[in-house]
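A short write-up of the structure that comes next.
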Amino acid sequence: MPMPGLMSGRAGSVEATEMNAAQAALAIEGGDLPFGGGLLALVRPALNLLESGGVLAVHSRVAGIADEFFTWCKVEHHELLESTPQVGYCRLLIRKGGLGAPRGVPEQGLELRTRQGRLDASTVLESVPFPPSADPATGFAPRGARVEPGGPVYPFVLNDRAHTAPPDVAQLYDQAVSAQWNADTDIAWGRIKPLPAPLQQALGQIMTFLAENELSALYVPSRFISRIHPAYVEVGMFLSTQLADEARHIDVFLKRARKGGGGLGISHAATSASLHSLLVLEDFTEAAFLLSVLGEGTFLDLLRFIEDNAPDEVTAEIVRRARADETRHVHFGMSHVKHALQHDKTLYGRLEAAVRRRSATLAGVNGVPAAVQDSLTVLAARGTDAASVARGHEKFRELLHVMHDNRVKRLLNAGFTPEQAQTLSDLHTPNFM
Amino acid sequence: MADNTILLGAVAYDAKVVPIWEGIREHFRKQDVPMDFCLFSNYERQVESLLAGHIDIAWNTPLAHVRVRKRTGGKSLSLGMRDSDRDFRSRVIVRKDAGIKTINDLAGKSLAVGSRDSTQARILPLHFLKAQGLDLAKVKLMAFDTDVGKHGDTGTSELDVLKALHEGRANAGTVGDLIWVLEQAAGRVDTGKLEVLWTTPGFDHCMFDALPTLNPGKVEAFKKGLFAMKWENPEHRRILELEGLKQWMPPREEGYASLVAALDDQKGW
Chain A
1 MPMPGLMSGR AGSVEATEMN AAQAALAIEG GDLPFGGGLL ALVRPALNLL
51 ESGGVLAVHS RVAGIADEFF TWCKVEHHEL LESTPQVGYC RLLIRKGGLG
101 APRGVPEQGL ELRTRQGRLD ASTVLESVPF PPSADPATGF APRGARVEPG
151 GPVYPFVLND RAHTAPPDVA QLYDQAVSAQ WNADTDIAWG RIKPLPAPLQ
201 QALGQIMTFL AENELSALYV PSRFISRIHP AYVEVGMFLS TQLADEARHI
251 DVFLKRARKG GGGLGISHAA TSASLHSLLV LEDFTEAAFL LSVLGEGTFL
301 DLLRFIEDNA PDEVTAEIVR RARADETRHV HFGMSHVKHA LQHDKTLYGR
351 LEAAVRRRSA TLAGVNGVPA AVQDSLTVLA ARGTDAASVA RGHEKFRELL
401 HVMHDNRVKR LLNAGFTPEQ AQTLSDLHTP NFM
Chain B
1 MADNTILLGA VAYDAKVVPI WEGIREHFRK QDVPMDFCLF SNYERQVESL
51 LAGHIDIAWN TPLAHVRVRK RTGGKSLSLG MRDSDRDFRS RVIVRKDAGI
101 KTINDLAGKS LAVGSRDSTQ ARILPLHFLK AQGLDLAKVK LMAFDTDVGK
151 HGDTGTSELD VLKALHEGRA NAGTVGDLIW VLEQAAGRVD TGKLEVLWTT
201 PGFDHCMFDA LPTLNPGKVE AFKKGLFAMK WENPEHRRIL ELEGLKQWMP
251 PREEGYASLV AALDDQKGW
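Sequence lines, in order, name chains A and B.
Here the first sequence is numbered in the working numbering, starting from 1 and rising by one per residue.
Here the second sequence is numbered in the working numbering, starting from 1 and rising by one per residue.
Here is the structure:
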């Protein structure tokens, strides 16, 4: 007696005419397996191997099996072409219908290269590249999976590669994963000593300002993750590392403000207005431009300033680590914006308009909050005598120039004209972010 | 509401009924056929509402359909059905340990059956078994009258039948082939305990019914809208899959002859 199982295989579809068992693409020997007692577990995977219209032959020794398949084929919208009783068994021919047939091509033959035993996300992306566009009806299906039709249309709005997925995003994700650090154990918290009161107070204000800005950098990208089509999941994966980075920065900045006997400073209305104008953005590319390219880009110079003028090595280490993470975020923002600009020339005008709109909204904001400016001055002065303060003030003025120059460089790098770059940099919020 | 809006009645046997009819209404709107629907909790109320002219068209079970035919002296309009409504069958399932090898072996045994208004789980299988020579008076009927008024749409009474069989409370039972196959396909049938004794002849299921007095413009508009739904159109397909069909079909009456005979015999009108 033949054992149940796949008898033979010949892939591909079969013409609907002149069917017989020999012309079926696949054949199943069902033996004595009952319909609901295991036979379907052979039949369904075999049908999955066929295209719509392909024919499967089933041999069964179970009495009444044709009745079961008559109804099942009707429900599943397959076609029972033939059920021929033979001596001791029944031969059925089933033509696969279109209901629920997964769309796409089966993944096979992918060779994922390992590098020194490691398999990174950028290698996977090379083998399974981003599609130019994606269908929101494929839902959470991972890129490369075949998708059964009939699922709901998901509310994804970032469904095209040009506006969503820069080509180096997987590399940035790989870098981010390797560069994660621990806010609890990687900082020598025990070495922090109390500072003179003016400096402690200045540091508390600066850390408050940093944490407040980093909160916006946590919230703003998080709003877009759920809008990104999973075909571009590496973008969501990168943004999730960015969120983890920002969470860690908020953690260390607040710890530094409080450690050594200090406390938090003031949250200013001007900062709040500036960050609110980022939170309400609805366009992913505009947000990447305003937050990552202009905002976090400017933030890099601020962090460098604090690092250079840090009152102790631990503070310098905290800010240095945060700056390394922020550099990656700026890199992603630049890649995103440049990639989108390459594919969509109208974007130059839209991004410029976004900067102008934000500037108009923030018309009442004339500069970084005075307390932040004073704290940065005191930090750079390292003291409160007149000569030191004058030196600190000069360094602060220099910082504003550095910020402007570097913004212009990034804008030129993104492809804006020198005039546009100057104008946009001037219009950028004086709140830094 | 404009007079040319077709008002269709359907029974809310499941939550999915709402998205089905909202989807169909939207499809009709795109076809420039104004249509709206109202939902009933049972087919008896829906049939009465159709006969009273409160609704234009009723999406009816076979039992509701033949009642409308009878009440209108056979003059009601049958407008369409699903491809899947054709060639329903019922199954007589037995426990393997019950010693039942033929239909006549059911005499003296307990036979679980579905709701009294379920065509596939009670009315027709009993009718067909009697026609095969079984003396129903000698069978111990175990009836599961659940969701009465829904005419078996929910399948609850059929699941009750299968549960009674699995648990050994009944020796045999009758269910529609749809539930029987779906339950097996989901792996919920113990084929070590249960097997099919007999499969009934085929019969037809649901039908769109209207009174003969329905405005011919509405009749034509309804058919136009209905038969414009295509499996190949993804928007249509979503609705068709929910409603369990691939294609709307023209009506046919011969598939209800056995049900009419059964109701005559069982005094089930």
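For each residue, glycine too, the CB sits at the ideal point set by N, CA and C.
Note that the structure is a prediction, hence the values are computed from the model and not measured.
Worksheet item: Residues of chain A with a CB under 7 Å from the CB of residue 169/B: which are they?
Response: Neighbours of residue 169/B on chain A: none; closest Cβ ~20 Å, over 7 Å.
Discussion item. Which residue wins for smallest C-alpha separation from residue 179/A, given the options 244/A, 149/A, 163/A and 233/A?
Written reply: Per the Cα distances, 244/A.
Practice prompt. Return the chain-ordered ranges of every beta strand (DSSP E) run that is complete within the segment 49-74 of chain A and spans a minimum of 3 residues.
Written response: For the beta strand (DSSP E) assignment, the uninterrupted runs of no fewer than 3 residues enclosed by the segment 49-74 of chain A are, from N- to C-terminal side, 55-60.
Worksheet entry | Sequence-distant residues of the same chain with beta carbon closer than 8 Å to residue 71/B, five excluded per side | So the list reads 47 and 51, once near-sequence residues are dropped.
Fill in: Euclidean distance between Cα positions of residue 280/A and residue 232/A
Looking at the two C-alpha atoms, the distance is approximately 23 Å.
Fill in: For residue 103/A, the residue or residues it bridges with in DSSP
As computed with DSSP, residue 103/A is found in a beta bridge with 147/A.
Practice prompt. Hey, could you find the ends of the beta strand (DSSP E) residue 55/B is sitting in?
Written response: Here residue 55/B belongs to no beta strand (DSSP E), and DSSP marks it neither H nor E.
Discussion item. So residue 75/A contacts chain B; which residues on that side make the cut at Cβ distance below 7 Å?
Written reply: The contacting residues are 178, 181 and 182.
Worksheet item: Per DSSP, which one or two residues make a beta bridge with residue 206/B?
Response: DSSP output for residue 206/B lists no bridge partner at all.
Worksheet item: Run through DSSP, which three-state label would residue 13/A get?
Response: Because residue 13/A sits at a pLDDT of 30, beneath the cut-off of 50, its placement in the model cannot be relied upon, and the following sentence gives the value as read from the coordinates. Residue 13/A falls in the coil class under three-state DSSP.
Item to complete: For residue 160/A, name the three-state secondary structure that DSSP assigns.
Response: Strand at residue 160/A.
Worksheet entry | Through-space distance from residue 204/B to residue 64/A, alpha-carbon basis | The alpha-carbon atoms of residue 64/A and residue 204/B are separated by roughly 21 Å.
Fill in: C-beta neighbour in chain A for residue 231/B, strict 9 Å
So, interface residue.
Discussion item. Please list, in chain order, the residues of the segment 4-35 of chain B that have any C-beta partner in chain A closer than 9 Å.
Written reply: Under the 9 Å Cβ criterion, the segment 4-35 of chain B contributes no residue.
Practice prompt. In angstroms with no decimal places, state the Cα-to-Cα distance between residue 100/A and residue 148/A.
Written response: If I take the Cα positions, the gap works out to 5 Å.
Worksheet item: Name the DSSP beta bridge partners of residue 224/A, please?
Response: Under DSSP, residue 224/A takes part in no beta bridge, so it has no partner.
Worksheet item: Taking the beta strand (DSSP E) that residue 10/B falls in, what are its first and last residues?
Response: First-last of the beta strand (DSSP E) with residue 10/B: 6-11.
Worksheet item: From what residue to what residue does the beta strand (DSSP E) around residue 86/A run?
Response: From DSSP, the beta strand (DSSP E) with residue 86/A extends over 79-86.
Worksheet entry | Integer-rounded CB distance, given that residue 55/B should sit under 8 Å from residue 8/B | Cβ-Cβ separation between residue 8/B and residue 55/B: approximately 7 Å, consistent with a contact (criterion under 8 Å).
Fill in: Exposure label - residue 286/A; buried when at least 16 CB within 10 Å
Its Cβ being crowded by 16 or more others within 10 Å, residue 286/A is buried.
Worksheet item: Can residue 199/B and residue 84/B be called in contact, C-beta distance under 9 Å?
Response: No; because the gap between Cβ atoms is not below 9 Å, this pair is not in contact.
Practice prompt. Find the residues of chain A that neighbour residue 45/B, judging by a C-beta separation of less than 8 Å, and give them in chain order.
Written response: Residues of chain A whose Cβ lies closer than 8 Å to the Cβ of residue 45/B do not exist; the shortest such Cβ separation is about 29 Å.
Discussion item. From the DSSP secondary-structure annotation, give me the bridge partner or partners of residue 112/B.
Written reply: DSSP lists 142/B and 173/B as partners of residue 112/B.
Worksheet item: Going along the chain, which residues of the segment 57-71 of chain A sit with their C-beta nearer than 7 Å to a C-beta in chain B?
Response: Answer set for the segment 57-71 of chain A: 64, 67, 68 and 71.
Fill in: DSSP beta-bridge partners of residue 81/B
Per the DSSP secondary-structure output, residue 81/B pairs in a beta bridge with 249/B.
Worksheet item: Is residue 31/A close to chain B, meaning its C-beta is less than 9 Å from at least one C-beta of that chain?
Response: Not an interface residue.
Worksheet item: For the candidate residues 110/A, 119/A and 425/A, whose alpha-carbon lies nearest to that of residue 295/A?
Response: Answer by Cα proximity: 425/A.
Worksheet item: Is the CB of residue 87/B under 9 Å away from at least one CB in chain A?
Response: Yes, contact with chain A.
Discussion item. Against residue 80/A, what residues of chain B qualify as contacts under a CB-to-CB distance less than 8 Å, listed in chain order?
Written reply: Result: empty, since nearest Cβ-Cβ is about 11 Å, beyond 8 Å.
Discussion item. So with CB distances below 7 Å, who are the chain A contacts of residue 119/B?
Written reply: Close to residue 119/B, with beta-carbon spacing below 7 Å, lies no residue of chain A; the smallest spacing is near 16 Å.
Worksheet item: Can you name the residues that DSSP bridges to residue 310/B?
Response: The structure shown does not extend to residue 310/B, since chain B is modelled only from 1 to 269, so the question has no answer here.
Item to complete: Give the DSSP-derived three-state secondary structure of residue 178/A in the structure shown.
Response: Per DSSP, reduced to three states, the secondary structure at residue 178/A is helical.
Item to complete: Report back the beta-carbon spacing between residue 193/A and residue 308/A to the nearest angstrom; my notes put them in contact at under 8 Å.
Response: The pair is not a contact, with the Cβ atoms about 20 Å apart (cut-off 8 Å).
Worksheet entry | Any chain B beta carbon closer than 9 Å to residue 155/A | Cβ-Cβ to chain B under 9 Å: no for residue 155/A.
Discussion item. Using a 10 Å radius around the Cβ and a threshold of 16 neighbouring Cβ atoms, would you call residue 110/A buried or exposed?
Written reply: Around the beta carbon of residue 110/A, a 10 Å sphere encloses fewer than 16 other beta carbons of the protein chains shown; the residue is thus reported as exposed.
Worksheet item: For chain D, is any of its Cβ atoms less than 9 Å away from the one on residue 85/A?
Response: Of the protein chains in the structure, A and B, none is chain D.
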